[in-house]
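Quick note on my numbering: the sequence shown kicks off at 298 and runs consecutively.
Glycine is no exception: its CB is placed at the ideal position from the N, C-alpha and C atoms.
As structure tokens, the structure follows; a few thoughts come after it.
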Amino acid sequence: MAATAVAEPPYVDDEDDAVLPPRRPMKADDEMDITPMIDMTFLLLIYFLVASSIDTQASADLPPAHYGKAVSQNSAVIITVGDTGGSRAAIYLGDGKAGTPLAGENEAQETQIRELVEQGMREGKGTVIIKAERGVPHREVTRVASAATTVEGIHLYIGVFEAE
298 MAATAVAEPP YVDDEDDAVL PPRRPMKADD EMDITPMIDM TFLLLIYFLV
348 ASSIDTQASA DLPPAHYGKA VSQNSAVIIT VGDTGGSRAA IYLGDGKAGT
398 PLAGENEAQE TQIRELVEQG MREGKGTVII KAERGVPHRE VTRVASAATT
448 VEGIHLYIGV FEAE
């Protein structure tokens, strides 16, 4: 009898090396994956939020006004906000820093400002002028303005003057 040679199946080369089945053709992907770009955007956002420092005491130099409307001081309630060099301003009920500034906490000062504006409205003064020194923090002027505008029907004007 003759020995017949048995051939190995075509998918095996050796015991250790097996031939892989043929690959399926890759489908064309028409859309671009933007997930890595979104990840980078969020990482940059987080970096800048953590690395930045917020300066709450920064001042802004405003240019002088070229146009403005003249307001009669005779028909207006005038409130002067003076610079004390600290975070809290001195508030004077009148034109200039004459007399003593308002004392007490913010709520008591706001009540006195509102009463002054109401009294002015009864006298026919429908305009409120807030004169603030240059170094006064904006939040103090805003506090005085919000107290004055609680009275309905007034016109509010804000001006800045240089300290003498």
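Output the distance between the C-alpha atoms of residue i and residue j, rounded to the nearest integer angstrom.
{"i": "E420", "j": "S372", "result": "9 angstroms"}
{"i": "I451", "j": "R436", "result": "21 angstroms"}
{"i": "V448", "j": "Q406", "result": "15 angstroms"}
{"i": "P322", "j": "L346", "result": "46 angstroms"}
{"i": "G423", "j": "D358", "result": "30 angstroms"}
{"i": "P318", "j": "K324", "result": "18 angstroms"}
{"i": "M337", "j": "I343", "result": "10 angstroms"}
{"i": "D352", "j": "G383", "result": "16 angstroms"}
{"i": "I410", "j": "A400", "result": "12 angstroms"}
{"i": "E402", "j": "G417", "result": "23 angstroms"}
Leaving out five residues before and five after residue i in sequence, what residues of the same chain have Cβ atoms less than 8 angstroms from its Cβ?
{"i": "D392", "result": "Q370, I375, T377, K428"}
{"i": "H363", "result": "none"}
Mind checking which residues open and close the alpha helix (DSSP H) that includes residue i?
{"i": "L346", "result": "332-348"}
{"i": "G417", "result": "403-419"}
{"i": "E437", "result": "435-445"}
Thinking just about the alpha-carbon of each residue, which of the options is nearest to the one in residue i?
{"i": "E430", "options": "L453, G379, A387, A444", "result": "G379"}
{"i": "G432", "options": "T439, V457, R411, D330", "result": "V457"}
{"i": "E404", "options": "E415, S443, L340", "result": "S443"}
{"i": "V438", "options": "A400, Y389, M334", "result": "Y389"}
{"i": "E459", "options": "G417, I410, E402, P361", "result": "P361"}
{"i": "R385", "options": "R320, D326, R440", "result": "R440"}
What does a CB cutoff of less than 6 angstroms around residue i pick up in its chain, not counting 5 residues either side in sequence?
{"i": "Y454", "result": "V368, I426"}
{"i": "A387", "result": "G379, T381, P398"}
{"i": "P333", "result": "none"}
{"i": "T408", "result": "none"}
CB residue i to CB residue j, shorter than 8 angstroms?
{"i": "V414", "j": "A395", "result": "no"}
Name the two residues that bound the continuous beta strand (DSSP E) containing residue i.
{"i": "G456", "result": "452-458"}
{"i": "E430", "result": "424-430"}
{"i": "Y389", "result": "387-390"}
{"i": "G393", "result": "Careful: G393 lies outside any beta strand (DSSP E) and carries neither H nor E."}
{"i": "A373", "result": "373-379"}
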